[in-house]
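Peer 1: Would you mind keeping the following structure in view while I ask a few things?
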Amino acid sequence: MTSVSIIIGIIAILLSSFSIYLTNQINKKITEKQVKQDKDISKLSAKQESFIFMTQKQYEKEYNLFWNLFELLQKTIDKTKSVKGSLQLLQENTETSLEETYIKLIQEGIVKSSDYLNELDSKLNQYEPFIQEGLFRDFKQLIKELREFQQRRYNYFYYEDVTQDSINSFIRDIESTLDSIDEKRVKIVGFLRTYFENIRTS
29 MTSVSIIIGI IAILLSSFSI YLTNQINKKI TEKQVKQDKD ISKLSAKQES FIFMTQKQYE
89 KEYNLFWNLF ELLQKTIDKT KSVKGSLQLL QENTETSLEE TYIKLIQEGI VKSSDYLNEL
149 DSKLNQYEPF IQEGLFRDFK QLIKELREFQ QRRYNYFYYE DVTQDSINSF IRDIESTLDS
209 IDEKRVKIVG FLRTYFENIR TS
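When you read off a place in the sequence shown, starting at 1, and then add 28, the result is the number in my numbering.
What follows is the structure, encoded as structure tokens:
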């Protein structure tokens with residue numbers, strides 16, 4: 029009996045030792061796996077933060093790019109509208125002494141809108157590699173239409189030959205051009221609004 033008890037005791041000790049060893053090995057594996065997972069999560073988090081940072085930087089860069097283009101476009105349109113206002117004043121004018129002043133305002137407005145348009149075209153060409161092809165084409169078409177309008181101004185009148193018919197024709201041309209430009213402008217605005225909303229949510 030004593031020998032059997034001793035053997036049973038030894039077996040119990042061995043089983044206990046093996047159980048402890050096995051438990052330690054399992055805990056070690058779990059710890060190693062947890063450490064690896066923590067490292068992977070840390071790396072993934074760092075990559076994600078970097079991606080978010082780059083996305084934000086991209087958003088700001090592209091936003092500023094299109095802000096510059098759109099600001100020049102709006103200045104061109106506003107100056108063209110000011111020409112229409114000056115033409116209407118000239119049309120309603122009954123004072124011969126004021127005629128020269130109104131014509132000068134018209135000429136200054138056209139020159140200034142032409143300057144803004146040239147700057148817009150130059151900036152657009154500079155940014156071409158960074159702009160979607162369809163959007164670039166829409167901007168170019170808009171610029172082409174505004175430039176054609178500005179070139180037509182010479183067909184309407186010179187200071188020595190200002191008539192009500194030429195003024196009326198010029199006003200109608202401006203209104204038609206602005207309507208067409210506004211359609212293209214709305215299309216560009218819609219594209220950019222959708223584009224930047226997609227960047228924010230991606």
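Where a beta carbon is used, it is the ideal one built from N, C-alpha and C, also for glycine.
For arginine 181, which residues of its own chain have a beta-carbon under 6 Å away from its beta-carbon, when the five flanking residues on both sides are left out?
Peer 2: Counting from 1 along the sequence shown, the entry for residue 181 is found at position 153. Ile138, listed in sequence order.
Peer 1: With DSSP run on the structure shown, which of helix, strand or coil describes phenylalanine 79?
Peer 2: Counted from its first residue, the sequence shown places residue 79 at position 51. With a pLDDT of only 44 at phenylalanine 79, under 50, the local geometry of the prediction cannot be trusted, and the value read off the model is given with reservation. Reduced to three states, the DSSP call for phenylalanine 79 is helix.
Peer 1: Alpha helix (DSSP H) containing glutamate 123: first to last residue?
Peer 2: One-based indexing of the sequence shown puts residue 123 at position 95. It is not in any alpha helix (DSSP H) - glutamate 123 carries neither H nor E in the DSSP assignment.
Peer 1: Leaving out five residues before and five after tyrosine 87 in sequence, what residues of the same chain have Cβ atoms less than 6 Å from its Cβ?
Peer 2: If you number the sequence shown from 1, residue 87 lands on position 59. Counting only Cβ-Cβ distances below 6 Å, and skipping sequence neighbours, we find Ile227.
Peer 1: May I ask which residues mark the beginning and end of the alpha helix (DSSP H) holding arginine 175?
Peer 2: Counting from 1 along the sequence shown, the entry for residue 175 is found at position 147. Note, arginine 175: alpha helix (DSSP H), 161 to 180.
Peer 1: Given a cut-off of 7 Å on the beta-carbon distance, is the pair phenylalanine 219 and leucine 163 in contact?
Peer 2: What you label residue 219 is simply residue 191 of the sequence shown in a count that begins at 1. What you label residue 163 is simply residue 135 of the sequence shown in a count that begins at 1. Going by C-beta atoms, phenylalanine 219 is nearer than 7 Å to leucine 163.
Peer 1: Sorted by chain position, which residues of the same chain lie with C-beta nearer than 6 Å to isoleucine 80's C-beta, five sequence neighbours on each side aside?
Peer 2: By 1-based counting over the sequence shown, the position of residue 80 is 52. Because isoleucine 80 carries a pLDDT of 48, less than 50, the predicted location of this residue cannot be relied on, and no value is offered for it.
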